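Residue numbers (full-length UniProt numbering): 1 to 882. Following: one structure in structure tokens, then a few remarks.
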């Protein structure tokens, strides 16, 4: 049996065709028993059957292999689970017959508290705490519920039967075909599923209410929630019905199952999971409360539902061949969720907001410790770490770039053909490229390989030389060094007006473009006004930020773009892109800190949600880095940002206005939170006034959901150990709310207190039973004042944290949230020494990335500290009247 140990993939001499699974969960003892009969095709001579199993007790005496034709039964000579490799090896004394036979196994397991495999979640019903049983099998945890071929390419059909308490709701992928009640237990049998991968099998058992509707072609759609919360599922239900109809048209293939259930689970590690026909969600991603949910919560529900339903085609119907191609599932579903949200809610401008996805991808991929979109996976323990911004956000961004290059119609047509060709089967990245190449006539494979098979992305430097624009590409790294990657870059540019547009592929390291019609005058002239006929004017590359790359302009072009921003000549997406590229270049020490602040000053009239939201996000990072680089200027820099954001704050006010947009509602909360973070006294006073009105009346119109976080942050900024009543009041709000969105709002505000004693109390509170394990990461965002303390707390509690969260990706959030904000090489050494004996495969990549970020911060701090005339420039900006 030794030859099967240490292998990354199961051997190919046997393949599953059909599973008959019976599960009997015991919600009192938190255990389950079960049996599985697997129709297995033996395709070559073997005495072994090797499949996956983990955390299960397999009853050796129950294991058998029978040959239907001859009715012969083979009993194994040995049955052994290798825990480290998560495999079950069944050895027989004689060679098994070629063809289909049935492998029967009985087993037992624990309904664990790790939010993976077959696990328990808790909820309250009539004041009593109860357990529900839930499955979460992606990426490789079906093996913790029943022995199986737990690889995406090993598709089969599934026939599931459950024995459960008769008063409970029992759901699975398919509709119920029979329900037999026998006293306090009922046996529920479900239709056999279409062919699918093990990670998409799902079972949920508990007490639920539901709301329901139908699509125009008769698909029954339900949203389930805890008893009393079903009405909060109405918005998600509306989105789901409309989205199923939209995708049926877009993919030119109908939804393949007879029903779709979506269910909110109180304990859930991810945001949601696309199980075929039974999609599971965190409550925050599915439920929307008209009175207490914010506009941002509503938008999240819409995009998450659209993402998960995209998977019913892209992932479930056509499945990646192996986890190397995870991005095919996640990148595509991320991109298409914006397509759906834009169709349903055009007023949300979601394609502008999509830039937030791109930025997260660019940030992570600017690290030397990033990874290619297609990444080799050698063991199940490595899979969790690639559910990251590369697979989701870079993946989505390169799809957007490709769709922009090929054109929307050609892209959609080719996609429909890809889905038809690979339905009920598996596909690799190359299969998608082949379909797009055939449909468009463009060299898609050649173009896209440089984006998926190598990590990183380029920065395209552009400068004026006479009547030419000169372009040069090099790999962008946030460390300031340059990698040796090279890409085929779809360049787009506009000159002075969006009507004057050019595009070409930059395939070499450098190329030039003759542009006498635009560059025919002296580059030192002042920027031209649009419509004046002057040829010298602003030039913007990467129009609408459709390409996954950064742009570095020479000084003349950069000056003109600043002028264009001030005069509002540029689209919101282009204003966003110029700011974000400038910030990244400054961090990489390719641009001065002062020039970044000067650029930010040109956004003083900015009111577009996505642009201002990114401006705020960048400001937080600048203030944090300034605390290390020039602590004496930190307050002046805060003053500069207060001045910058006050224009928007005054226009928006604290109170919603009749008929205002969804985006204004979201922006108000972010702007006021920023002013509260920066200690703006008028904002803090108003936050306190409204918070105390809210304490007296939870339905007061003075504190609508969109500004609650701003108020909570505002009161916490003034809390101290000697003045803690508002902290205790905010904890009371947390304890009294049963809305998950409200609880995460509070958790995200508590650690913004500047007092170290309170910060430590908050961090310790996160580890109590009052905070669900899924939610702890929301409370880790401590400010500068709490950085060292949070690091000490992480070290002191590492054993408990590692044990509790160590088997899933939530553990990586602890590491990145607490380690990444540091900015000294001494801290790098300290972190490396601590984790030298404590790292594990699930956090190895995240740890390296976090340490790299600390090194980048340290170098940035050093370069800011060395800038000349910094104090004068910051003082001038801080006292400038906006």
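Ideal Cβ positions, reconstructed from N, Cα and C, are used throughout, including at glycine. Note that the structure is a prediction, hence the values are computed from the model and not measured.
Whole-angstrom C-beta distance between residue j and residue i, which should lie under 8 Å
{"i": "residue 637", "j": "residue 622", "result": "7 Å"}
{"i": "residue 541", "j": "residue 611", "result": "Not really, about 18 Å apart at Cβ, beyond 8 Å."}
{"i": "residue 276", "j": "residue 200", "result": "5 Å"}
{"i": "residue 754", "j": "residue 783", "result": "7 Å"}
{"i": "residue 104", "j": "residue 81", "result": "Not a contact, Cβ separation roughly 17 Å."}
{"i": "residue 496", "j": "residue 537", "result": "3 Å"}
{"i": "residue 693", "j": "residue 676", "result": "The Cβ separation is near 17 Å, so there is no contact."}
Beta-ladder partner(s) of residue i, from DSSP
{"i": "residue 273", "result": "280"}
{"i": "residue 59", "result": "None; residue 59 has no bridge partner."}
{"i": "residue 602", "result": "Looking at the DSSP assignment, residue 602 forms no beta bridge with any residue, so it has no partner."}
{"i": "residue 190", "result": "176"}
{"i": "residue 66", "result": "73, 102"}
{"i": "residue 131", "result": "122"}
{"i": "residue 492", "result": "503"}
{"i": "residue 78", "result": "91"}
{"i": "residue 203", "result": "172"}
{"i": "residue 52", "result": "87, 148"}
{"i": "residue 474", "result": "459"}
{"i": "residue 469", "result": "464, 513"}
{"i": "residue 160", "result": "21"}
C-beta atoms of residue i and residue j nearer than 7 Å
{"i": "residue 294", "j": "residue 341", "result": "no"}
{"i": "residue 483", "j": "residue 477", "result": "yes"}
{"i": "residue 763", "j": "residue 793", "result": "yes"}
{"i": "residue 399", "j": "residue 335", "result": "yes"}
{"i": "residue 168", "j": "residue 221", "result": "no"}
{"i": "residue 887", "j": "residue 812", "result": "Coverage of the chain is limited to positions 1 through 882, which leaves residue 887 absent and any answer about it impossible."}
{"i": "residue 674", "j": "residue 645", "result": "yes"}
{"i": "residue 233", "j": "residue 211", "result": "yes"}
{"i": "residue 18", "j": "residue 157", "result": "yes"}
{"i": "residue 557", "j": "residue 539", "result": "yes"}
{"i": "residue 554", "j": "residue 468", "result": "no"}
{"i": "residue 670", "j": "residue 707", "result": "no"}
{"i": "residue 383", "j": "residue 139", "result": "yes"}
{"i": "residue 395", "j": "residue 419", "result": "no"}
{"i": "residue 426", "j": "residue 437", "result": "no"}
For residue i, the three-state DSSP class (helix, strand or coil)
{"i": "residue 106", "result": "strand"}
{"i": "residue 354", "result": "helix"}
{"i": "residue 712", "result": "helix"}
{"i": "residue 586", "result": "helix"}
{"i": "residue 12", "result": "coil"}
{"i": "residue 823", "result": "coil"}
{"i": "residue 529", "result": "Here residue 529 scores only 48 on pLDDT, less than 50, and its place in the model should not be relied on; the value that follows carries that caveat. Three-state DSSP puts residue 529 in coil, outside helix and strand."}
{"i": "residue 581", "result": "helix"}
{"i": "residue 681", "result": "helix"}
{"i": "residue 700", "result": "coil"}
{"i": "residue 948", "result": "Absent from the model: residue 948. The displayed extent of the chain is 1 to 882, so no value can be given."}
{"i": "residue 522", "result": "Because residue 522 sits at a pLDDT of 44, beneath the cut-off of 50, its placement in the model cannot be relied upon, and the following sentence gives the value as read from the coordinates. Residue state, collapsed to three classes: coil."}
{"i": "residue 535", "result": "With a pLDDT of 48 at residue 535, under the threshold of 50, the modelled position of this residue cannot be trusted; read the value that follows with caution. If DSSP states are grouped into helix, strand and coil, residue 535 belongs with coil."}
{"i": "residue 17", "result": "strand"}
{"i": "residue 864", "result": "helix"}
{"i": "residue 553", "result": "strand"}
{"i": "residue 115", "result": "coil"}
{"i": "residue 222", "result": "strand"}
{"i": "residue 291", "result": "coil"}
{"i": "residue 448", "result": "helix"}
{"i": "residue 815", "result": "helix"}
{"i": "residue 880", "result": "coil"}
Identity of the residue in the options nearest residue i by Cα
{"i": "residue 227", "options": "217, 738, 761, 839", "result": "738"}
{"i": "residue 240", "options": "251, 229, 255", "result": "255"}
{"i": "residue 393", "options": "509, 359, 511", "result": "359"}
{"i": "residue 388", "options": "397, 409, 361", "result": "361"}
{"i": "residue 274", "options": "298, 311, 297", "result": "311"}
{"i": "residue 218", "options": "194, 244, 193", "result": "244"}
{"i": "residue 509", "options": "490, 473, 452", "result": "473"}
{"i": "residue 133", "options": "32, 91, 698", "result": "32"}
{"i": "residue 65", "options": "661, 633, 45, 90", "result": "90"}
{"i": "residue 291", "options": "698, 402, 733, 859", "result": "698"}
C-beta neighbour in chain B for residue i, strict 7 Å
{"i": "residue 432", "result": "Note that chain B does not occur in the displayed structure, where there is just one protein chain."}
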